[in-house]
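Worksheet: one structure, shown below.
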Amino acid sequence: MTTATTAIPSTGQCTIPVSGMTCAGCSGKVQRALETAPGVSEANVNLMTGAATVRYDPAATAPDRLVELIRATGYGAELPRPDESAEDTLSARDAEQATETRALVRKLIVSAVAAALVMIIAMRPGGHGSGGVGVSAWLQLALTLPVVFWAGRHFYTRAWAGFRHHSADMNTLIAVGTGSAFTFSLVMTVAGRWFSQRGVEPHVYYESVVAIIALILLGNVLEARAKVRTSQAVRKLAGLKPATARVVREGEEREIPLADLRVGDEAIVRPGETIPADGSVLDGTSRVDESMLTGEPVPVSKGAGAAVVGATLNTNGALRIRVERVGRDTVLSRIIRLVQQAQGTRAPIQRLADRVSAVFVPVVLSIAIATFVLWFDLGPEPSYLHALVASVTVLIIACPCAMGLAVPTAVMVSTGRGAEMGILIKGGEALERSEAVDLVVFDKTGTLTEGRPAVVSIALAPGAAHDESGLLSLAAAVERLSEHPIADAVVSAARRRELPVPAAQAFRSQTGKGVLAIVEGARVGVGNLALMRDLRVDPGALVEAADAATADGRTPVYVAVNGKLAGLVTVADPIREKSRDAVAGLARMGIETVMLTGDDRRTAESVARQVGVSRVLAEVLPDRKLDEIRRLQDGGKVVAMVGDGLNDAPALAQADVGVAMGTGTDVAMEAGAITLMRGDPSTVVSAIELARRTMRVIRQNLFWAFVYNVIGIPIAAGVLYPAFGLRLTPALAAGAMAFSSVSVVFNSLRLRGFREGAPNVA
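Using my numbering, the first residue of the sequence shown is number 228, and each one after it goes up by one.
Structure below.
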């Protein structure tokens with residue numbers, strides 16, 4: 228299968244679609260070839276996605292050379308088109324998977340019908356051969372030929388390609404097993420009388436050949452359909468974009484295909500329509516459902532100047548937006564690329580399966596040869612038949628598909644489910660590291676708090692000439708000319724209340740104290756206690772309220788009008804709604820929490836008390852955050868760092884698991900192993916729970932895949948025959964092999980049932 232993926236970036240990383248891989252041995256062979264290539268620092272080959280993700284030194288190698296290297300191993304490879312968007316590559320991949328599945332279904336139907344007819348004929352008297360030249364044997368041969376040379380042809384061609392490249396994989400086992408049975412039966416059919424005359428009773432095993440191929444094809448069909456379900460989350464995201472966009476060009480409103488949309492276009496989005504691309508609102512107000520991006524079901528208010536994201540749903544008002552990003556540059560395409568890259572990565576636990584798979588097929592071939600020899604020398608008569616059947620059964624039951632699917636299927640389903648919930652997980656390694664986290668460090672500003680100071684209360688001085696609205700209006704008039712974050716909070720509060728903000732004159736800033744201006748003829752001062760003293764204003768009536776606010780981690784702002792105290796505006800960085808839930812949820816999981824901030828200790832401890840964090844690292848300069856993370860790690864902790872700012876990026880990279888808030892900077896999101904798209908700290912709990920459940924599923928998959936082979940191969944070889952007379956037929960072995968692969972896939976699909984805040988038992 229050829230899987231189209233993302234275009235090749237200029238950063239020394241590329242994703243190359245690889246075709247022809249059918250088992251862990253295939254992907255392991257390609258990976259080993261890439262890992263040993265000059266200039267390659269890391270290679271991940273994913274059997275489920277059919278792609279190789281390679282990090283390389285551009286000075287030492289190039290994507291074209293990597294493609295040639297993959298082809299030299301006997302598998303197909305091609306570079307994706309550089310202008311292809313994530314949605315386009317996904318559509319191409321879906322089309323290829325659909326074509327592959329249809330072809331497999333046709334082959335399965337033909338094989339199943341042939342198998343049923345051959346078995347009916349074989350059950351008749353003399354069906355397994357009567358002198359080797361009976362009509363029954365020739366009928367079975369006629370029905371078997373199209374199965375071997377058409378339906379199962381790819382098993383033999385791939386096995387031959389592997390042989391030419393000095394490798395063996397699942398196809399080798401199937402080809403050798405069914406090929407041996409078919410060749411033996413063909414010889415007995417054509418020359419059976421000759422063998423009969425020399426005392427060798429001819430037997431044919433056509434029913435085993437066609438049954439094995441039919442059952443393996445059944446497993447392939449089920450796997451192919453299950454693979455479609457594993458990436459269902461990405462398809463849902465890609466399917467959210469509209470087919471067309473309504474734009475204004477040359478003064479006329481027209482509807483165009485989405486592919487023709489350009490940066491700078493003005494798009495009209497009516498109520499109930501999907502926003503076509505990323506941009507900003509030029510005109511209109513509405514509420515936009517951004518659940519596809521954040522997982523949050525409550526629509527967000529949008530007005531002039533607000534940023535909007537393509538594929539989100541406009542609910543109740545008309546909007547005119549300026550298009551700022553299209554195609555592969557949109558947030559939707561970026562999310563899809565991140566999820567696809569995550570699904571192409573490998574968890575460290577995969578190395579165990581890789582080590583086994585690397586030697587598995589040669590070991591199985593050796594066991595099959597030993598089985599043949601032992602049965603031929605020690606088995607009952609006809610010993611040659613028992614030896615053939617036993618060795619073929621070993622080859623068939625030992626198919627390593629289940630081991631190859633155990634890890635990537637779980638990673639694909641898990642990262643897809645995470646994306647649906649607004650949790651972008653950068654692959655298997657991030658999942659495995661997250662499972663072991665026992666301490667979570669939260670940055671304060673923008674993580675536990677909103678990161679945007681806001682007015683939380685207004686107190687009037689006794690005898691004040693203004694009400695709360697009047698006081699806020701005057702304060703906003705002065706603060707509008709200031710660039711301080713507190714000034715923004717005051718002005719924003721006035722605008723939210725739709726209060727008039729008069730013009731201010733003679734503005735002056737007193738560094739470290741506050742601001743002064745004349746507003747509508749009145750002398751207004753806005754600032755701290757030091758400013759009030761400079762203005763000789765008695766703050767006595769509100770000092771107690773100001774001290775209480777300071778003790779609680781809030782910032783008191785005095786307002787004086789014409790030399791008299793008018794009131795007190797209290798500003799605070801509001802605690803995020805779900806911060807307390809996040810800390811409590813982590814505590815229930817046995818995970819310790821720490822708050823790390825550059826703020827003063829009193830403010831930090833106030834926030835910590837409100838959210839339930841017991842340990843605070845305060846007054847930490849941005850360049851020292853990394854050192855604090857390292858110190859915690861040196862203490863034996865597996866640390867997850869949750870942050871959103873540019874200054875958090877080094878700490879996020881140093882942490883065992885960096886968790887970036889999606890509402891933060893792009894640098895922080897790139898540094899983090901996990902991104903929380905809706906900026907809700909409580910989703911940290913869900914991310915770690917999902918990681919823990921995923922790793923349980925992976926271990927279950929690997930356990931049953933290994934146990935299946937450990938138990939199945941000896942039974943197939945006949946270890947139970949001397950004591951109990953029990954043996955497996957090749958057809959039963961093929962059924963067991965197909966069942967093992969499908970069971971691993973469907974066990975992984977249980978992760979799609981993961982729910983936030985609900986019991987999740989794997």
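Here a beta-carbon is modelled for each residue, glycine too, at the ideal position from N, C-alpha and C. None of these values were measured; they are calculated from a predicted model.
Exposure label - residue i; buried when at least 16 CB within 10 Å
i	result
K791	exposed
G748	exposed
A231	For A231, the predicted model reports a pLDDT of 38, less than 50, meaning its position is unreliable; a value from the coordinates is still stated below. It counts as buried.
S528	exposed
E434	buried
P635	buried
V590	exposed
V245	buried
E479	exposed
W602	buried
I440	buried
E846	exposed
A304	buried
E916	buried
F1060	Absent from the model: residue 1060. The displayed extent of the chain is 228 to 989, so no value can be given.
T326	exposed
E725	exposed
D604	exposed
F981	buried
H393	exposed
D510	exposed
M639	buried
D861	exposed
S841	exposed
F951	exposed
N447	buried
L331	buried
F376	exposed
Sub-8 Å separation of residue i and residue j beta-carbons
i	j	result
A688	G794	yes
V490	E551	yes
T501	L540	yes
W931	S970	yes
L701	V786	yes
G537	D487	no
L368	T399	no
S909	A809	yes
A963	I624	yes
V911	A637	no
G780	T830	yes
T371	V414	no
A278	T300	no
A730	V682	no
A288	P265	A quick correction: the sequence has Thr, not Ala, at residue 288. Yes, these two residues count as a Cβ contact at 8 Å.
H430	L274	no
S201	I348	The structure shown does not extend to residue 201, since the chain is modelled only from 228 through 989, so no value can be given for it.
R905	G739	no
Whole-angstrom C-beta distance between residue j and residue i, which should lie under 8 Å
i	j	result
P503	T542	Contact flag wrong, Cβ pair sits at about 16 Å.
G643	L651	No, G643 and L651 are not in contact; Cβ-Cβ is about 11 Å, not under 8 Å.
V798	P680	5 Å
L859	V866	5 Å
L699	A721	5 Å
R282	G239	6 Å
V796	I685	6 Å
- Per the contact definition of three or more C-beta pairs closer than 8 Å, is the segment 659-670 in contact with the segment 880-887? Touching, per the Cβ criterion.
- Which runs of the alpha helix (DSSP H), 4 residues or longer, sit entirely within the segment 900-963? Positions of the alpha helix (DSSP H) runs, each at least 4 residues long and wholly inside the segment 900-963, are given as 910-944, 948-951 in order along the chain.
- Item | Inter-stretch contact at 8 Å, needing at least 3 Cβ pairs: the segment 724-735 / the segment 698-710 | Touching, per the Cβ criterion.
- Query: How do the segment 931-941 and the segment 829-849 stand: do at least 3 beta-carbon pairs fall below 8 Å, yes or no?
  - Reply: The segment 931-941, when compared against the segment 829-849, does not touch it at the 8 Å Cβ threshold.
- So, do the segment 282-295 and the segment 373-392 have three or more beta carbon pairs nearer to each other than 8 Å? Because the criterion of three Cβ pairs below 8 Å is not met, the segment 282-295 and the segment 373-392 do not touch.
- Task: Within the segment 743-772, note down every full beta strand (DSSP E) run reaching 3 residues or more, in order along the chain.
- Result: Counting whole runs of 3 or more residues, the segment 743-772 contains the beta strand (DSSP E) stretches 749-754.
- Entirely enclosed beta strand (DSSP E) segments - the segment 497-566, minimum 3 residues: With a minimum length of 3 residues, the continuous beta strand (DSSP E) runs that stay inside the segment 497-566 are 505-510, 513-516, 527-529, 546-552.
- Query: What residue ranges within the segment 696-750 form continuous beta strand (DSSP E) runs of no fewer than 3 residues, ordered along the chain?
  - Reply: Inside the segment 696-750, DSSP marks whole beta strand (DSSP E) runs of 3 or more residues at positions 731-737, 741-746, from first to last along the chain.
- Task: Mind listing, in chain order, the continuous alpha helix (DSSP H) runs of no fewer than 4 residues lying wholly within the segment 339-412?
- Result: Counting only runs of 4+ residues, the alpha helix (DSSP H) found wholly inside the segment 339-412 occupies 362-373, 380-391, in chain order.
- Identify every run of the alpha helix (DSSP H) within the segment 825-879, keeping only runs that are complete inside it and at least 4 residues long; order them along the chain. Fully enclosed alpha helix (DSSP H) runs of 4 or longer: 828-838, 852-861.
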